[in-house]
Structure formats: C-alpha cells, structure tokens
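Everything in the sequence shown is counted per full-length UniProt numbering, starting at 1 for the first residue and increasing by one.
All residues carry an ideal CB built from backbone N, CA and C; glycine is no exception.
The model shown is predicted, which means the values in this text are computed figures rather than measured ones.
What follows is a short report on a single structure.
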Amino acid sequence: KRQEDLATLRFVHNAENVVLLGPPGVGKSHLAIALGIEAVKAGISVHFTNTGNLIERLKIANREGILEKKIRDLMKFKVLIIDEIGYLPFDDEGAHCLFQLISRRYEKSSTILTSNKSYGEWGEIFKDHVIAAALLDRILHHCTTINIKGESYRLKERKKQGIKTGLIRHNSTEILEN
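Here's what the structure looks like:
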C-alpha cells in the first residue's frame, strides 16, 4: 500500500522524504531507483548519488570555499536519492556538510535515502548523536519510512545455484565462502 502511494509521487509534490531501511540485498536501492525513474517520467528532476561519493564531493567543495554553491546545485533537483547511508561512517566535516544539505532541502524538496542501519544506529554513522538527531528530525518530520525485511536476493541466488554462502574462519578472520 505505501509503495503504491509512493508511486503516485505525491511525496515529491509535498516535498516529503522517503527512507528505505533494511539489510543489504533486499531491494532498497532498486526501489529508490524505481521511484527516481517514475519521477523522471513525470518530468521531475532527479539526481542519484552514493553517500560516500556525495560526502567526498561536499567536503572538497567545503575546503575550496564553495560548499554553498555545491548545495545550490543539488537544490536544483526536486528529488535527491542518497544511497547507502551507514555503510561507512562519516568524519565531522562529512557529517557537517550532509547536515547543511539536508537542512537546505528541508520542506523544499524531496530526498530519498537508503540505509542498512536503523535510526537508532545513525549516531554511530555520524559519530555524533546530536548532529544525527538534528538530521533525523529534519528528515523524518515529513517522511515515509519503509522497513524492508528478508534475505539478500544475492544470497538467495547463490543458494539456488548450490553455492555455499556460509562464513568460514581463517586465523580469526571471517571470509565468505565462494
């Protein structure tokens, strides 16, 4: 039901956010991209970025004194898709830059975020519970959250092919069996 409502793109017209949460391989990025494609088909400007790449670009702009310009450039998009929040932690500068971007988009444009971490774990991602709480406050004020549960489709495919997917220990290091 919520996915069908998202497909209407009402969230874009209302400048609301969408957060897709769940473990790796359950389709968060796929769903975010599908929403982006529907928005483009409807004539809405969309930009897709991986969190790590976005943070690096924002940090470079910050160091060059052009963070405001970079944020203005990203404000041109009615939908900004930020994929994979939580796979890598941010340093202070990265957290600050992302906070500036989200704050500027708040109640003006839609942001779709995907994360493998629950909201309670975002303080660890940002290494700062105060900035994480302030960021979540802005994201969640007008937001649809979808928790996707299940097993990774990648692992399911490996199992179908009869390939082992367990972890083995080697000298105290976990290695995925091939």
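If the five residues before and after Leu101 are omitted, its C-beta is found closer than 7 angstroms to the C-beta atoms of Leu58, Ile71, Leu74, all from its own chain and listed in chain order.
The beta carbon of Lys108 sits closer than 6 angstroms to the beta carbons of Ala15 from its chain, once the five residues preceding and following it are set aside; these are given in chain order. Nearest C-alpha to Gly94 among Tyr119, Arg105, Phe77, Asp128: Asp128. The C-alpha of Asp137 lies about 13 angstroms from the C-alpha of Thr145.
As for any alpha helix (DSSP H) of minimum length 4 sitting wholly inside the stretch 8-56, the runs are 10-13, 28-41, ordered along the chain.
The Cβ neighbour count for Leu88, taken over all protein chains shown within 10 Å, is under 16; the residue is labelled exposed. DSSP places Ser110 outside any alpha helix (DSSP H); the residue lies instead in the beta strand (DSSP E), whose first and last residues are 110-115. The Cβ neighbour count for Ile66, taken over all protein chains shown within 10 Å, is under 16; the residue is labelled exposed.
Just measuring C-alpha positions, the residue of Ala61, Gly36, Gly25 sitting nearest Lys78 is Gly36.
Across the structure, Ala7 and Asn116 are spaced so that their CA atoms are roughly 22 angstroms apart. About 10 angstroms separates the beta carbons of Thr51 and Ile81, which is beyond the 8 angstroms limit, so they are not a contact pair. If you compare the alpha carbons of Val19, Ser29, Leu9, Glu68 with that of Ser45, the shortest gap goes to Leu9.
When rounded, the separation of the alpha-carbon atoms in Ile60 and Leu54 is 10 angstroms. Note that the C-beta distance between Cys97 and Asn62 is below 8 angstroms.
For Glu84, the uninterrupted beta strand (DSSP E) segment begins and ends at 79-85. Using a 10 angstroms sphere on the CB of Ser110, the tally of other CB atoms reaches 16 or more, which defines it as buried. In the three-state scheme derived from DSSP, where H, G and I count as helix and E and B as strand, Ile148 is classed as coil.
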